Amino acid sequence: MSYFRPNVDKAKGYEPGFQPRQTDVVKLNTNENPYPPSPQALKALAEISAEQLRRYPDPLGQSFREAAAHVNGVAAENIMCCNGGDDLLRIAFTAFCDESRPVAYPVPTYSLYPVLVNLQNCSAIEIPFDSEFNLPAKLAGTGAALTIVCNPNAPTGSFISVNELASLAEELNGILLIDEAYVDFAEENCTALVKDFDNVIILRSMSKGYCLAGLRFGYGIAQKDLITGLMKVKDSYNVDAVATTVATAAMQDRQYFEQNIEKVKKERKRLTERLRAMGFEVLNSSANFVLAETKDCKANEIYDKLVQRNIYVRYFDSPGLSDKLRISVGTEEQNDKLLGALKKNLNRE
Ligand SMILES: Cc1ncc(COP(=O)(O)O)c(C=O)c1O
Numbered sequence: 001m002s003y004f005r006p007n008v009d010k011a012k013g014y015e016p017g018f019q020p021r022q023t024d025v026v027k028l029n030t031n032e033n034p035y036p037p038s039p040q041a042l043k044a045l046a047e048i049s050a051e052q053l054r055r056y057p058d059p060l061g062q063s064f065r066e067a068a069a070h071v072n073g074v075a076a077e078n079i080m081c082c083n084g085g086d087d088l089l090r091i092a093f094t095a096f097c098d099e100s101r102p103v104a105y106p107v108p109t110y111s112l113y114p115v116l117v118n119l120q121n122c123s124a125i126e127i128p129f130d131s132e133f134n135l136p137a138k139l140a141g142t143g144a145a146l147t148i149v150c151n152p153n154a155p156t157g158s159f160i161s162v163n164e165l166a167s168l169a170e171e172l173n174g175i176l177l178i179d180e181a182y183v184d185f186a187e188e189n190c191t192a193l194v195k196d197f198d199n200v201i202i203l204r205s206m207s208k209g210y211c212l213a214g215l216r217f218g219y220g221i222a223q224k225d226l227i228t229g230l231m232k233v234k235d236s237y238n239v240d241a242v243a244t245t246v247a248t249a250a251m252q253d254r255q256y257f258e259q260n261i262e263k264v265k266k267e268r269k270r271l272t273e274r275l276r277a278m279g280f281e282v283l284n285s286s287a288n289f290v291l292a293e294t295k296d297c298k299a300n301e302i303y304d305k306l307v308q309r310n311i312y313v314r315y316f317d318s319p320g321l322s323d324k325l326r327i328s329v330g331t332e333e334q335n336d337k338l339l340g341a342l343k344k345n346l347n348r349e
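Be aware that the sequence shown starts at 1, since it is given in the numbering used here, and climbs by one per residue.
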């Protein structure tokens with residue numbers, strides 16, 4: 001007999017990517033930004049006062065809401081702070097889904113969604129992408145209470161245009177949550193849809209574009225009524241005083257952010273070209289990772305050989321993602337180490 005609810009009992013729980021303990025590894029397996037956070041964010045961290053820690057934090061993270069509103073051209077009331085983008089996903093499942101209110105999303109996609117399906121005990125309508133990862137037409141007609149589109153998609157890096165997502169928002173009767181955790185590396189984003197649609201929620205993360213995965217900070221953008229409803233579901237103090245202060249400073253440092261994004265995009269282009277020159281098939285990516293495969297060697301064999309050289313990437317072998325390697329874009333030096341190791345193992349240029 002189990003003490004747990006049956007759905008929790010049978011749920012597997014999220015399996016986070018491997019986090020090696022050593023620091024002298026080339027870690028390209030969990031899509032962190034390879035560069036340090038903004039110096040302004042580090043300064044704000046160093047200046048945290050004892051008083052800020054003694055008191056409860058601002059439950060709404062108002063300083064961050066204002067900074068993010070300014071950057072996104074919306075009002076502070078359209079922003080909700082979260083303990084990482086994952087917190088917003090959990091809040092959305094709790095707010096919109098139950099046994100009679102399903103969630104729908106295209107697959108393959110972010111592996112946290114099915115975990116939340118099991119925990120919330122709702123049903124999932126999973127619609128397969130075609131081989132080019134276009135938006136599946138069937139997604140508009142599922143009748144789901146919550147539809148999630150990850151854009152850029154993980155782990156493919158593929159991108160669906162804002163116009164297509166606007167049409168989807170128009171057609172749906174339920175909520176459209178656009179998971180833009182990686183959008184800082186793409187050429188456009190869906191912020192403008194929030195003005196036109198009362199059923200759109202946009203998820204953003206400070207983990208990737210702002211180099212703050214360890215901080216745990218993300219946010220949602222939506223019309224005021226949706227934000228007010230979502231606030232009812234969040235933990236009372238879901239963002240702490242340190243995280244709010246540091247995330248606010250990072251959001252305000254636009255110059256550092258823009259330079260960082262350009263560096264990652266430049267390396268993404270170089271990594272993609274070099275991998276293709278070695279015979280890998282690499283999808284065009286709008287994120288800070290690339291999805292690669294080669295017909296000449298099994299992805300898991302390459303993965304094992306890279307691990308022997310202390311280089312970590314992510315290996316997939318699941319429906320829609322068979323025999324694939326997902327490689328986070330590293331620094332120039334990290335990418336060179338990876339490319340050098342691949343060259344030795346595959347005997348290629
Ligand atoms: C697609 C996607 N959405 C959301 C998140 C959540 O990011 P975080 O909780 O670090 O802000 C991640 C993290 O890897 C992700 O890959």
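Where is the CB? At the ideal position from N, CA and C, for every residue including glycine.
Since the model is a prediction, treat every value here as computed from it, not as a measurement.
Membership of residue 179 in the beta strand (DSSP E) is indicated by the continuous run 175-179. By the beta-carbon neighbour count (other beta carbons within 10 angstroms, threshold 16), residue 313 is buried. One thing to note: residue 248 has its Cβ within 8 angstroms of the Cβ of residue 63.
For the set 70, 81, 71, 127, the Cα lying nearest the Cα of residue 57 is the one of 81. Applying a distance threshold of 5 angstroms between residue Cβ atoms and the heavy atoms of ligand 1 selects 84, 85, 86, 110, 150, 154, 179, 181, 205, 207, 218, given in chain order. Beta-bridge partners of residue 290 (DSSP): 327. Less than 8 angstroms divides the Cβ of residue 178 from the Cβ of residue 203.
With 16 or more other Cβ atoms inside 10 Å of its own Cβ, residue 110 counts as buried. By the 16-neighbour rule on beta-carbons within 10 angstroms, residue 86 is buried.
Beta-bridge pairing by DSSP links residue 204 to 219. A check of alpha carbon separations from residue 196 across 104, 170, 295, 89 identifies 170 as the nearest. Three or more Cβ pairs closer than 8 angstroms define a contact, and the region 151-158 meets that threshold against the region 93-112.
Annotated three-state conformation of residue 104 is strand, per DSSP.
Apart from the 5 residues on each side of it in sequence, residue 172 sits with its Cβ closer than 7 angstroms to the Cβ of 140, 147, 199 in its chain, given in chain order. In the structure shown, residue 251 adopts helical secondary structure according to DSSP, grouped into three states.
Taking 8 angstroms as the upper bound for CB-CB distance, residue 99 and residue 121 are in contact here, some 6 angstroms apart.
Look at residue 98 here: in three-state DSSP terms it is strand.
Excluding the 5 residues flanking it on each side, residue 84 has same chain C-beta neighbours closer than 6 angstroms at 216, 218, in chain order. Cβ atoms of residue 91 and residue 226 stay farther apart than 8 angstroms, at about 11 angstroms. Beta-bridge pairing by DSSP links residue 128 to 107. Positions of the beta strand (DSSP E) runs, each at least 3 residues long and wholly inside the region 32-100, are given as 79-82 in order along the chain.
The region 205-213 makes contact with the region 33-41; the number of CB pairs closer than 8 angstroms reaches 3 or more. Residue nearest to residue 7 within the set 61, 123, 19, 74 is 123 (criterion: CA-CA distance). About 6 angstroms separates the beta carbons of residue 327 and residue 292, which is inside the 8 angstroms limit, making them a contact pair. Residue burial is scored here from C-beta neighbours: residue 5 has fewer than 16 other C-beta atoms within 10 angstroms and is therefore classed as exposed. Judged by DSSP secondary structure, residue 148 falls within the beta strand (DSSP E) whose first and last residues are 146-150.
Non-local beta-carbon contacts of residue 73 in its own chain, meaning distances under 8 angstroms to residues more than five positions away in sequence, involve 191 in chain order.
For residue 27, the three-state secondary structure derived from DSSP is strand.
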